[in-house]
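Novice: Dropping the structure in here first, questions after.
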Amino acid sequence: MKILKRRIDISETLKEFDKKFGKDKVPQMLADLCVYWDENPEFFAGSFEVSYDEYDGVRDWFKGSEAGYTKIKVFGIDGIDSLFGLRLIESPVPG
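Note that the working numbering has the sequence shown beginning at 5, numbered continuously upward.
If you want it as C-alpha cells, here you go:
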C-alpha cells in the first residue's frame, strides 16, 4: 500500500484533477487511473485520454448553467472530443 501511496503523490495528472475537482475529492478509482495513465499513456484503447475538461466543454454543453456543469467532473476525452465524466450526487440514488 505504501508503494501505491507514493505513486499517487507524484502523479502529475492527479494533481491537475485535484485542482479541477476543487472541494470535491477525486474518487480512489479515478486517482488510480490517473497514476496508471502517467505510467502507461499508450495502453488505452483507441484515442481515449485521461484528461480534465481544460476547454470547459461541459460548461458549454450546459449553456453556462452552474446548476448543471458543476455536477459533472470530466475525466476523459477521445479523438472526436467526446467527454467522459462523473455526475456528482448528494446522496445515493434510491432503490
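For glycine and all other residues, C-beta sits at the position ideal for the given N, C-alpha and C. Small disclaimer: the values here were computed from a predicted structure and weren't measured.
Is there contact between the region 68-77 and the region 37-45, where contact requires at least three CB pairs shorter than 8 Å?
Specialist: Counting Cβ pairs under 8 Å, fewer than three are found: no touch.
Novice: Let me know the secondary structure DSSP gives residue 53 once reduced to three states.
Specialist: In this structure, residue 53 counts as strand in the three-state DSSP scheme.
Novice: Would you mind sorting residue 60 into buried or exposed? The rule is 16 or more other CB atoms within 10 Å of its CB.
Specialist: That one is exposed.
Novice: Which residues bound the beta strand (DSSP E) around residue 87?
Specialist: First-last of the beta strand (DSSP E) with residue 87: 87-91.
Novice: Residue 28 to residue 20, Cα distance in whole Å?
Specialist: If you take the alpha carbons of residue 28 and residue 20, they lie about 13 Å apart.
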